[in-house]
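K.L.:
Numbering (the working numbering), first residue to last: 36 to 194. Structure below; questions to follow.
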């Protein structure tokens, strides 16, 4: 905001040209009108930002999902050292669940952001669910029939 105020000193009366610039500068009084997509009087060459309403406006589901992602990420920060200090089957299965859920949510955002079309996002979501299910089943199988995640990582570090 301070930079807009400093630029306004160099502007003319109605969003004119700055002293050393060759482009029109928007005055601070017009910033709120600019963001609300209403016409700005006297300013030429400005572009409007179209703010689209959220599909889930007023819903707490998105907020709870975001909070769950943050809780899991912070929980992983504590779970990883705890698994190193106390390797046991409970830690192995906790790591399997937490890492699978963390990767599922992360890859779900990649699918949401980058997969477009009518049927392709649905196919990608089904593939993501299958991939995550196979990952969790594989980690549980590894924990049950082999040394487990914690001891496997410790064995890799000894190499």
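For every residue, glycine included, the Cβ atom is placed at its ideal position computed from N, Cα and C. If you're wondering where the values come from, they're calculated on a predicted model, not measured in any experiment.
(1) Specify whether the region 93 to 106 and the region 120 to 133 touch according to this definition: at least 3 beta carbon pairs, one from each stretch, less than 8 angstroms apart.
(2) Spatial neighbours of residue 150 within its chain, please: C-beta separation below 6 angstroms, excluding the five flanking residues on both sides.
(3) What is the DSSP secondary structure of residue 124, counted as helix, strand or coil?
(4) Between residue 122 and residue 193, how many whole angstroms is the CB-CB distance? I'm expecting something under 8 angstroms.
(5) Looking only at its own chain, which residues have a Cβ that is under 7 angstroms from the Cβ of residue 152, when we skip the five neighbours before and after it?
(6) Can you tell me whether DSSP reads residue 42 as helix, strand or coil?
(7) Ignore the nearest five residues each way along the sequence and tell me which others in residue 184's own chain have a CB closer than 6 angstroms to its CB.
(8) Return the residue from the list 174, 175, 109 and 119 that minimises the CA-CA distance to residue 189.
(9) What separation, rounded to the nearest whole angstrom, lies between the Cα atoms of residue 117 and residue 154?
(10) Going by beta-carbon coordinates alone, are residue 107 and residue 137 separated by less than 7 angstroms?
(11) Just verifying my parser: in three-state terms, what is the DSSP assignment at residue 152?
P.N.:
Straight from the coordinates:
(1) The region 93 to 106, when compared against the region 120 to 133, does not touch it at the 8 angstroms Cβ threshold.
(2) Only 156 and 159 meet the Cβ criterion.
(3) In the structure shown, residue 124 sits in a helix (DSSP, three-state: H, G or I).
(4) With a Cβ gap of about 13 angstroms, residue 122 and residue 193 do not count as contacting.
(5) None.
(6) Caution applies to residue 42, whose pLDDT of 46 falls short of 50 and renders its modelled position unreliable; the value that the coordinates give is listed next. It is helical.
(7) 127 and 130, listed in sequence order.
(8) Among 174, 175, 109 and 119, the Cα nearest to that of residue 189 belongs to 119.
(9) Whole-angstrom Cα-Cα distance: 42 angstroms.
(10) Closer than 7 angstroms, so yes.
(11) Looking at residue 152 - three-state DSSP - the assignment turns out to be coil, as it is neither helix nor strand.
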